[in-house]
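A.B. asks: Take the sequence shown: its position 39, counting from 1, is numbered 39 in full-length UniProt numbering, and each next residue is one higher. Using N, Cα and C, we set each Cβ at its ideal position, and we do this for glycine too. None of these values were measured; they are calculated from a predicted model. Structure below; questions to follow.
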Amino acid sequence: MTVDDLPVPALFVCAEHVSSNTQFCSLPEAVQLQISDITQQFNLNSTAFYKTIELRLQQHIYSISLKKSSQAQSTVCCVFNTQASEQRSIDDLVFNHSGEAMMVTDKDDDVIRVNDAFIMLFGYP
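Below, the structure written as structure tokens:
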């Protein structure tokens, strides 16, 4: 399988070699450069094998999934769920002002975010 076989915008980094598929090349150039830099830094410096990053650029939100190979110094980056910042602002407004206690966790069940109702009910953080 190559990066071109992936059905989403994708980037592959191995040492100094960087390749991307046509969907990735269709993203705005500034977004491509930022995602490429993040992927290269993750490949060189991270000890984690998997990470998801939310990147806000040019009134859009990009969910970036990074997966590092355990055998080689290489990383695959896939870009998902581009969403307009305006929609995200509405989502944030509902989350922050809901009367119901809400908590957001990551895949490891680490708490990422809580709303004011959650803090009032449970005293967290």
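Excluding the 5 residues preceding and the 5 following residue 80 in the sequence, name in chain order all residues of the same chain whose CB lies nearer than 7 Å to its CB.
C.D. replies: 8, 63, 65
A.B. asks: Looking at residue 36 and residue 140, is the spacing between their C-beta atoms short of 8 Å?
C.D. replies: Examination of residue 140 is not possible in this model, given that the chain is present from 1 through 125 alone.
A.B. asks: Just list the alpha helix (DSSP H) runs in the segment 98-125, keeping only unbroken ones of 4 residues or longer that don't cross its boundaries, in chain order.
C.D. replies: Qualifying alpha helix (DSSP H) stretches, in chain order: 116-122.
A.B. asks: In or out: residue 107 buried (at least 16 other Cβ within 10 Å) or exposed?
C.D. replies: exposed
A.B. asks: Determine which residues share a DSSP beta bridge with residue 12 and list them.
C.D. replies: 19, 76
A.B. asks: Compare the Cα-Cα distances from residue 17 to each of 72, 26, 52, 97 and report the closest residue.
C.D. replies: Nearest to residue 17 by alpha-carbon distance, out of 72, 26, 52, 97, is 72.
A.B. asks: Grab me the residues of residue 121's own chain with a C-beta within less than 8 Å of its C-beta, minus the 5 sequence neighbours each way, in chain order.
C.D. replies: 101
A.B. asks: If you compare alpha carbons, which of 27, 115, 91, 15 is closest to residue 41?
C.D. replies: 15
A.B. asks: Please classify residue 47: is it buried, with 16 or more other beta-carbons within 10 angstroms of its beta-carbon, or exposed?
C.D. replies: exposed
A.B. asks: Looking only at C-alpha atoms, which of 49, 61, 77, 26 sits nearest to residue 70?
C.D. replies: 49
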